[in-house]
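J.:
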Amino acid sequence: MKRVMLSVLLGFFFFNMSYAQKYFGKAYTATTNVDEFYDLADVEKEYTVMGKTELAKGFRSLEKTQQKIIDLAKQKGADGVIFSIEEEVFGTATSTGGSVNEKKKNKTTVVGSSTTTDLKEKKIRATFIKYK
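Position in the sequence shown counted from 1, then plus 1224, gives you this note's numbering.
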């Protein structure tokens, strides 16, 4: 029983740690309002990039993930966030199948097929900005 509980706790710990939101950049005094942008051209004020974050796994809802990033931006003191979403191919999967038909004398029919699928992962990237 102790082993099972330990395994569950360790699994929970590693699951939570592997999807933690990471931030790389500067921090300022926390802000209460963060402007949202989805293209660099939409930012009309002069700004400096203060940091970046990326989330590739662990999100089910884009809206909830967006809100988490905005909350992090407020904590770090950002005035705005420039969002982007990308889909990266990180591998391929191939499945192969076939059948042999020997119903007629002296005649064998072989049919084969192969399917290759790209394995994709969505990544949400956010650039935190500070107005000048």
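Note that the Cβ used here is the ideal one computed from N, Cα and C, for glycine as well.
Count the other CB atoms, across all protein chains shown, that sit within 10 Å of the CB of glycine 1304; report buried if there are 16 or more and exposed otherwise.
T.: Locating residue 1304 in the sequence shown gives position 80, where the first residue counts as 1. Label assigned to glycine 1304: buried.
J.: Between lysine 1356 and glutamate 1270, how many whole angstroms is the CB-CB distance? I'm expecting something under 8 Å.
T.: Working through the sequence shown from its first residue, we reach residue 1356 at position 132. Working through the sequence shown from its first residue, we reach residue 1270 at position 46. That pair is a contact at about 4 Å.
J.: Count the other CB atoms, across all protein chains shown, that sit within 10 Å of the CB of threonine 1332; report buried if there are 16 or more and exposed otherwise.
T.: Your numbering for residue 1332 matches position 108 in the sequence shown. Exposed.
J.: Going by the beta-carbon positions, is the gap between lysine 1298 and glycine 1275 smaller than 8 Å?
T.: Translated into the one-based positions of the sequence shown, residue 1298 becomes position 74. Translated into the one-based positions of the sequence shown, residue 1275 becomes position 51. The Cβ-Cβ distance between lysine 1298 and glycine 1275 does not fall below 8 Å.
J.: Could you say which of Leu1279, Thr1256, Asn1257 lies nearest to tyrosine 1247 if we only look at CA atoms?
T.: For the purposes of this step, residue 1247 is identified with residue 23 of the sequence shown, where counting begins at 1. Comparing Cα positions, the closest option is Leu1279.
J.: What residues match up with asparagine 1325 in a beta bridge as DSSP calls it?
T.: In the sequence shown, residue 1325 corresponds to position 101, counting from 1. Within the DSSP secondary-structure output, asparagine 1325 pairs in a beta bridge with Thr1333.
J.: Assign leucine 1343 to one of two classes, buried (16 or more other C-beta atoms within 10 Å of its C-beta) or exposed (fewer than that).
T.: Within the sequence shown, residue 1343 is the residue found at index 119, counting from 1. Result: exposed.
J.: Give me the DSSP bridge partner(s) of tyrosine 1355.
T.: Taking the sequence shown and counting its residues from 1, the one referred to as residue 1355 is at position 131. DSSP, once it has assigned bridges, lists Tyr1271 as partnering tyrosine 1355.
J.: Give a yes or no on whether the C-beta atoms belonging to tyrosine 1252 and glycine 1301 are separated by under 8 Å.
T.: One-based indexing of the sequence shown puts residue 1252 at position 28. One-based indexing of the sequence shown puts residue 1301 at position 77. In this structure, glycine 1301 lies closer than 8 Å to tyrosine 1252 by Cβ.
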